[in-house]
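Protein chains in written order, with the working numbering: chain A, 673 to 934; chain B, 10 to 124. Ideal placement from N, C-alpha and C gives every residue a C-beta, glycine not left out.
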């Protein structure tokens, strides 16, 4: 076996010496090193740390994403109205500027931390980690993270959340899932918001939106909601509660198995 | 445009590897990007020309390998090519598919010069 004639190259290890392979030497004698790591591994590492943190405190973290103005804060206000007697809720708000959204949430009697990103178009796991220092996780069951209004960039950054919820308001195009497949594919629940406006609009068909989602192999729930008329709120709230209970069950199971190991 | 953040993160990883390997410079960075990764290769290239300044990758070449969008059908088991916003099975047309390639955002390899 030698490095000269290629007799040590087999079907099983050929990929290692080909372009990008672990032991490849290029013709001009540079050393090629195989890496195969996510380009955002720093962010992913922090996100995993955030997720552990949430789980240690028994908190279900939900990342809300949408374009600006599709009603994320309004939905949160109404969700808090309905759930705050039964669950302890906290919110992290992401915006380029202003404390306005966090203030709206605090007015509902719920702790909210505002992250102002300046020019950054998305939240990342490090920003969330900073915000967690000011978040009373011990006292929470549910943590909502309202991402910066943007249908592109937030989709690429794991924050450590357990679930993604993507909003599409009826004042937008019903073909948006086809235009922004990355963010809609990532959703665990798609909410079609401002449904009370549907009778006034003749160019948004919820079925079209549903079909565009199905073309993305989307298999999760789609709910028409209005934070104004409360249409669909029960379905959304029931889903949230089911997710919360499922996480609780998983955690108590996890704690049990640790005890068995000890 | 989040490509600058992605690029800076990539360069920190590359710098770490270069330091570990005691390399004097980075010649080539090979990345794999799928259409469903949410990152646009052209924008990443533009960001790279700015972000690489002052790093060991200052004169490095950034090579992007684009991965095809492919799905596995959970109904009929067929693997087929698809489009980013049409992830249906090419054989039976079902939407219950699983993505098998096309969402990569990987640092595949780096080429270094050592003294």
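Just the chain A side, please: which residues come within less than 9 Å of residue i by C-beta, in chain order?
i: residue 115 of chain B; result: 707, 708, 709, 710, 711
i: residue 81 of chain B; result: Chain A residues near residue 81 of chain B: none, gap ~10 Å exceeds 9 Å.
i: residue 40 of chain B; result: 711
Within a Cβ cutoff of 8 Å, which residues of the same chain sit near residue i, ignoring the five residues on either side of it in sequence?
i: residue 930 of chain A; result: Any reading at residue 930 of chain A needs caution, since the residue's pLDDT is 44, under 50, leaving its predicted position unreliable; the model's value is listed next. Result list for residue 930 of chain A: empty, nothing under 8 Å.
i: residue 887 of chain A; result: 849, 850
i: residue 897 of chain A; result: 747, 863, 864, 865, 867, 903, 904, 905, 907, 908
i: residue 855 of chain A; result: 737, 823, 824, 826, 827, 838
i: residue 88 of chain B; result: 79, 80, 81, 82, 109
i: residue 103 of chain B; result: 82, 83, 84, 85, 97
i: residue 806 of chain A; result: 785
i: residue 55 of chain B; result: 12
i: residue 895 of chain A; result: 861, 862, 863, 864, 904, 907, 908, 911
Considering just the uninterrupted stretch of the alpha helix (DSSP H) at residue i, what are its terminal residues?
i: residue 719 of chain A; result: 713 to 728
i: residue 123 of chain B; result: Element bounds for residue 123 of chain B: not the alpha helix (DSSP H) but the beta strand (DSSP E), 114 to 123.
i: residue 880 of chain A; result: 878 to 886
i: residue 749 of chain A; result: 744 to 755
i: residue 804 of chain A; result: 797 to 804
i: residue 827 of chain A; result: No alpha helix (DSSP H) contains residue 827 of chain A, which DSSP labels as neither H nor E.
i: residue 774 of chain A; result: 772 to 778
I'd like the list of long-range same chain contacts for residue i, defined as Cβ closer than 6 Å, with 5 residues on each side in sequence excluded.
i: residue 828 of chain A; result: none
i: residue 764 of chain A; result: 785, 803, 817
i: residue 96 of chain B; result: 80, 106
i: residue 675 of chain A; result: Because residue 675 of chain A sits at a pLDDT of 38, beneath the cut-off of 50, its placement in the model cannot be relied upon, and the following sentence gives the value as read from the coordinates. Result list for residue 675 of chain A: empty, nothing under 6 Å.
i: residue 669 of chain A; result: Past the boundaries of the shown model lies residue 669 of chain A; chain A is included only from 673 to 934, so the question cannot be answered.
i: residue 120 of chain B; result: 36, 37
i: residue 914 of chain A; result: none
i: residue 921 of chain A; result: none
i: residue 852 of chain A; result: 823
Between residue i and the rest of its own chain, which residues show a CB-CB distance below 7 Å, the 5 nearest in sequence each way excluded?
i: residue 115 of chain B; result: 40, 41
i: residue 11 of chain B; result: none
i: residue 923 of chain A; result: 727, 730
Kindly indicate the opening and closing residues of the beta strand (DSSP E) around residue i.
i: residue 784 of chain A; result: 784 to 788
i: residue 767 of chain A; result: 761 to 767
i: residue 94 of chain B; result: Where residue 94 of chain B is concerned, there is no enclosing beta strand (DSSP E), given that its DSSP letter is neither H nor E.
i: residue 107 of chain B; result: 106 to 110
i: residue 812 of chain A; result: From DSSP, residue 812 of chain A is part of no beta strand (DSSP E); its letter is neither H nor E.
i: residue 823 of chain A; result: Neither: residue 823 of chain A is in no beta strand (DSSP E) and is coded neither H nor E.
i: residue 736 of chain A; result: 732 to 737
i: residue 895 of chain A; result: 894 to 896
i: residue 899 of chain A; result: Note, residue 899 of chain A: premise wrong, no beta strand (DSSP E); not H, not E.
i: residue 704 of chain A; result: 703 to 710
Give the residues of chain B in contact with residue i, contact being defined as C-beta atoms less than 8 Å apart.
i: residue 801 of chain A; result: The premise fails here: residue 801 of chain A is roughly 15 Å from chain B at the closest Cβ pair, so nothing lies under 8 Å.
i: residue 828 of chain A; result: 11, 15, 46, 47, 48, 114
i: residue 798 of chain A; result: Ordered by position in chain B, no residue passes the 8 Å Cβ test against residue 798 of chain A, which lies about 10 Å from the chain.
i: residue 878 of chain A; result: Residues of chain B passing the Cβ test: none, with the nearest at roughly 17 Å.
i: residue 824 of chain A; result: 11, 47
Strictly below 7 Å CB to CB, what residues from chain B border residue i?
i: residue 891 of chain A; result: 105
i: residue 785 of chain A; result: In chain order: nothing, as chain B lies at least about 21 Å away.
i: residue 850 of chain A; result: 94
i: residue 886 of chain A; result: 104
i: residue 897 of chain A; result: Correct list: empty, because the minimum Cβ distance to chain B is about 23 Å.
i: residue 794 of chain A; result: 11
i: residue 853 of chain A; result: 45, 93, 94
Residues of chain B with CB closer than 9 Å to the CB of residue i, please, in chain order.
i: residue 721 of chain A; result: Residues of chain B passing the Cβ test: none, with the nearest at roughly 16 Å.
Can you list the residues of chain A that residue i reaches, using a CB-CB cut of under 7 Å?
i: residue 36 of chain B; result: 702
Which residues in chain A have a C-beta closer than 8 Å to the C-beta of residue i? List them in chain order.
i: residue 52 of chain B; result: The premise fails here: residue 52 of chain B is roughly 11 Å from chain A at the closest Cβ pair, so nothing lies under 8 Å.
i: residue 21 of chain B; result: 714
i: residue 97 of chain B; result: 887, 889
Item to check | Within the segment 830 to 861 of chain A, ranges of the beta strand (DSSP E) (whole runs, at least 3 residues) | outcome: Runs found: 835 to 841.
Checklist entry - Can you give, in chain order, each stretch of the alpha helix (DSSP H) that sits fully within the segment 14 to 49 of chain B and has at least 4 residues? => result Correct list: empty.
Next on the checklist: Give the list of continuous beta strand (DSSP E) stretches no shorter than 3 residues that lie fully inside the segment 65 to 89 of chain B.
Outcome noted: Within the segment 65 to 89 of chain B, complete beta strand (DSSP E) segments of at least 3 residues are found at 70 to 75, 79 to 82, given in chain order.
Item to check | Three-pair Cβ contact test at 8 Å for the segment 707 to 726 of chain A versus the segment 14 to 28 of chain B | outcome: Enough Cβ pairs lie closer than 8 Å, so yes.
Next on the checklist: Pairs of beta-carbons, one from the segment 761 to 780 of chain A and one from the segment 805 to 822 of chain A, closer than 8 Å: are there three or more?
Outcome noted: Segments in contact, yes.
Item to check | Cβ contact check for the segment 24 to 32 of chain B and the segment 64 to 80 of chain B: 3 or more pairs under 8 Å | outcome: Yes: the two stretches touch, three or more of their Cβ pairs being nearer than 8 Å.
Checklist entry - Are there three or more Cβ pairs, one per stretch, closer than 8 Å when the segment 738 to 757 of chain A is compared with the segment 840 to 849 of chain A? => result As far as the Cβ criterion goes, the segment 738 to 757 of chain A touches the segment 840 to 849 of chain A, which means the pair count is three or higher.
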